[in-house]
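Taking it in order: structure first as structure tokens, then the write-up.
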Amino acid sequence: MRPIETRYARSGDIRIAYQVIGQGSLDLVFVPGFISNLDLHWEDEGYSRLLKRLASFSRLILFDKRGTGLSDRVDAHALPSLEARMDDVRAVMDAAGSGRAAILGASEGAPMAMLFAATQPERVRSLVLYGGYANFHRWVMSRERLEDFIETAETAWGSGATLQNFAPGRVDDPHFAEWWGRFERLSASPTAAVALARMNAGIDVCGVLASIAVPTMVMYRRNDARVDPAASRYLARKISGARLVEVPGRDHPIWTGDVDRIADNIEEFLTGARAVPDIERVLAALLVTRITDTAKLGDRMWSERAQRFQQTWRLLVSRHGGRISGLHGDTMLSRFEGPARAIRCAAALCDAANDIGIASAQGIHVGEIDVRGPPTGLTVRIAAQIADHAGRGDILASRLVADLAVGSGLHFADAGQLAPDELDQPLPLVRANSEQHLEPACRRDKPRANKPSALTLRENEVVALIADGMSNASIAAELRLSAHTVKRHVANILSKLDLPSRAAAAAFAVRHPGPDGP
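Under this note's numbering, the sequence shown has 195 at position 192, and the numbering climbs by one with no breaks.
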């Protein structure tokens, strides 16, 4: 649904870039925040998802405010007033053939939207305000914090350095951070960005709130990192009949976090109904695998081992009935129809990583994904955060994974909680117990054979050393394996031979010597 063309509306002597998508029964004008770039929006997963959702029930009209994005640049030392910029909304509506529209103002776009609704109510059917405010210094930044922000913009604009001020939860996402740097560079010059920040600091529309007479919804994130949530509560009190909606999260931009929840609320407010469930979305178990160096390896050796592991990863995912969904550096994403398959694949990947001489950390989460392309959205981000939380050799999963794996023979232990910004409550975690029957399903489905031939050559070596009274650490040193790999071999030995303990395995090895003797 990407727009076919960008058009230009004339607002006085300035040309304003705009796009129109969707064929819904109502017009919806989106007034963006601090900076914007119409073309670049479509390159971000969250932004494009939001715009597509809004265009599914409206004729969505997008534009870059003067001085930003694709619109005409203006004198950065003499930027126009809020009133002059507000007139750009009228110019874009006229050019798009929209006589009356719903207005969505996000962040710094909210004051502009409020002023337009108060002064030109005949052009506004309803008003949606997200993360907005009436007075900048009261609810966004003190004068001291503003100067710190401006200093950052003057010295590091275009590097993505301002990301922590808007979306601290995405700072550690390298793909998003890179996009944010381009977003800065292609939306405004450093001089213009500083001028815009100073202009926005002068915003105070408290006096117009009582004049807004159109149906209004005010929406905000509970722990917004940029705008004090009290700003939205103030707007809801001062605008007659306004509906107040709180959504979870702390990242400020409207296109971050759970954008479907944002779109659902907007659609319900504007149309009276929520979207019909998307039949293109299915429930899936996502496995995020990270590899990390466990020794001081040179770049070449590390690269060779990482490449070897990635090849093994593709093979094991396929062997366990999964699908390869993404590879970004040392992070791999795979998708499975059921959580048990994902866990067993994760266990096999742990072994493979250790055998290669690197370490893995893995996170598993179950949720809805879009089947029309690579998995994106909330489920992927949660799975990635679980993997980031996992230690070397860990297989961490959300409690839901364990609940859905009941009856699979897998075992789990509580592993604390994770507190993603996108969720209302902390997410309980479990650790897959690598000592408890995590061999692949193809092995578990076979009848157990209480004889040495059921074991691999390596497992026969391990059980013989157990019979010699050696500990896992001693066996690891003897066979030049990691302690984790030895633990996995011991677990498989006990499982295959249906034995309760290491002592029983030792006794068995004495009674039934393997190929090379006890």
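Each residue gets a CB set at the ideal place from its N, CA and C atoms; glycine is no exception.
Quick caveat: nothing in here was measured; it's all calculated off a predicted structure.
Using C-beta distances below 8 Å, list every residue in its chain close to residue i, excluding the 5 sequence neighbours before and after it, in chain order.
{"i": "Ile1", "result": "Nothing can be reported for residue 1, as the shown portion of the chain is limited to 4 through 521."}
{"i": "Ile257", "result": "Gly36, Leu53, Ala109, Ser110, Tyr133, Gly134 and Ile265"}
{"i": "Ala233", "result": "Trp142"}
{"i": "Pro378", "result": "Ala287, Leu289, Ser328, Gly329, Leu336, Arg338 and Ile372"}
{"i": "Asn268", "result": "Met220, Met222, Val248 and Val250"}
To the nearest angstrom, how far is it from the Cα of residue i to the Cα of residue j?
{"i": "Gly210", "j": "Thr122", "result": "12 Å"}
{"i": "Asn463", "j": "Asp354", "result": "17 Å"}
{"i": "Leu245", "j": "Thr219", "result": "Note that residue 245 is Ala in the sequence shown, not Leu. C-alpha separation (whole angstroms): 5 Å."}
{"i": "Arg402", "j": "Val433", "result": "6 Å"}
{"i": "Ala476", "j": "Cys348", "result": "25 Å"}
{"i": "Glu48", "j": "Asp261", "result": "12 Å"}
{"i": "Asp448", "j": "Thr292", "result": "Its pLDDT being 37, under 50, Asp448 is placed unreliably by the model, and nothing is read from it."}
{"i": "Gly100", "j": "Arg126", "result": "12 Å"}
{"i": "Arg326", "j": "Arg344", "result": "11 Å"}
{"i": "Asp42", "j": "Ala12", "result": "17 Å"}
{"i": "Pro124", "j": "Asn226", "result": "32 Å"}
{"i": "Ser59", "j": "Ser51", "result": "12 Å"}
{"i": "Leu31", "j": "Val131", "result": "10 Å"}
{"i": "Gly366", "j": "Ala400", "result": "6 Å"}
{"i": "Glu442", "j": "Ala356", "result": "For Glu442, the predicted model reports a pLDDT of 42, less than 50, meaning its position is unreliable and no value from the coordinates is stated."}
{"i": "Gly380", "j": "Arg317", "result": "23 Å"}
{"i": "Leu247", "j": "Tyr136", "result": "13 Å"}
{"i": "Ile24", "j": "Lys241", "result": "33 Å"}
{"i": "Ser321", "j": "His44", "result": "35 Å"}
{"i": "Ala98", "j": "Phe339", "result": "48 Å"}
{"i": "Gly329", "j": "Met202", "result": "42 Å"}
{"i": "Thr194", "j": "His140", "result": "21 Å"}
{"i": "Ala87", "j": "Pro431", "result": "50 Å"}
{"i": "Ile361", "j": "Asp333", "result": "11 Å"}
{"i": "Ile478", "j": "Glu371", "result": "44 Å"}
{"i": "Ser192", "j": "Ala156", "result": "10 Å"}
{"i": "Gly102", "j": "Ala390", "result": "50 Å"}
{"i": "Arg505", "j": "Ala480", "result": "18 Å"}
Check the C-beta distance from residue i over to residue j and give it rounded, since I have them as a contact under 8 Å.
{"i": "Met115", "j": "Met89", "result": "5 Å"}
{"i": "Ala341", "j": "Ala405", "result": "Before going on, a small fix: residue 341 reads as Gly here, not Ala. With 8 Å as the limit, Gly341 and Ala405 do not qualify as a contact, their Cβ atoms being about 13 Å apart."}
{"i": "Asn138", "j": "Asp207", "result": "5 Å"}
{"i": "Ile38", "j": "Thr71", "result": "5 Å"}
{"i": "Glu46", "j": "Trp182", "result": "7 Å"}
{"i": "Ser337", "j": "Leu290", "result": "5 Å"}
Residues in its own chain within less than 6 Å of residue i by CB, not counting five upstream and five downstream?
{"i": "Ala228", "result": "Pro171, Arg253 and His255"}
{"i": "His492", "result": "Glu462 and Val465"}
{"i": "Arg56", "result": "Ala266"}
{"i": "Phe119", "result": "Met89 and Val92"}
{"i": "Gln22", "result": "Pro6, Thr9, Leu41 and Leu65"}
Take residue i as the anchor and find which of the options has the nearest alpha-carbon.
{"i": "Leu63", "options": "Leu43, Arg76, Ala20 and Ala104", "result": "Ala104"}
{"i": "Phe179", "options": "Ser129, Leu107, Thr259 and Met222", "result": "Thr259"}
{"i": "Asp397", "options": "Asp333, Ser74, Ala350 and Asp501", "result": "Ala350"}
{"i": "Val95", "options": "Phe33, Arg201, Ile327 and Arg395", "result": "Phe33"}
{"i": "Glu147", "options": "Ile389, Trp45, Ser28 and Ala204", "result": "Ala204"}
{"i": "Ser28", "options": "Arg93, Thr165, Thr274 and Asn495", "result": "Thr274"}
{"i": "Leu426", "options": "Asp333, Ile385, Arg395 and Asp391", "result": "Ile385"}
{"i": "Glu270", "options": "Leu430, Val383, Ser129 and Ala164", "result": "Ser129"}
{"i": "Arg188", "options": "Ala234, Leu73, Asp78 and Asn226", "result": "Leu73"}
{"i": "Ala1", "options": "Thr382, Ile372 and Gln388", "result": "Given a span of 4 to 521 for the chain in the structure shown, any question on residue 1 remains unanswerable."}
{"i": "Arg395", "options": "Leu430, Arg338 and Ser485", "result": "Ser485"}
{"i": "Val250", "options": "Ser243, Asp263 and Ala164", "result": "Asp263"}
{"i": "His331", "options": "Leu149, Thr488, Pro177 and Leu500", "result": "Pro177"}
{"i": "Leu458", "options": "Leu500, Ser84 and Ser190", "result": "Leu500"}
{"i": "Arg224", "options": "Asp424, Ile469 and Leu319", "result": "Asp424"}
Count the other C-beta atoms from every protein chain shown that fall within 10 angstroms of the C-beta of residue i, then say buried if there are 16 or more, exposed otherwise.
{"i": "Leu460", "result": "exposed"}
{"i": "Leu199", "result": "buried"}
{"i": "Met222", "result": "buried"}
{"i": "Glu154", "result": "exposed"}
{"i": "Ser14", "result": "buried"}
{"i": "Met117", "result": "buried"}
{"i": "Met335", "result": "buried"}
{"i": "Asp417", "result": "exposed"}
{"i": "Asp78", "result": "exposed"}
{"i": "Leu286", "result": "exposed"}
{"i": "Thr295", "result": "exposed"}
{"i": "Arg173", "result": "buried"}
{"i": "Gln420", "result": "exposed"}
{"i": "Asp175", "result": "exposed"}
{"i": "Ala429", "result": "Reading off the sequence, residue 429 comes out as Pro, not Ala. Classification for Pro429: exposed."}
Once you ignore the five residues that flank residue i on each side, which residues in its own chain have a CB closer than 7 Å to its CB?
{"i": "Asp75", "result": "Ile17, Arg18 and Arg69"}
{"i": "Leu502", "result": "Ala508 and Phe511"}
{"i": "Gln26", "result": "Arg62"}
{"i": "Leu407", "result": "Pro342 and Val369"}
{"i": "Ala20", "result": "Thr9, Tyr11, Leu41, Phe66, Asp67, Gly72, Leu73 and Ser74"}
{"i": "Phe415", "result": "Ala405, Val433, Arg434, Ala435 and Asn436"}
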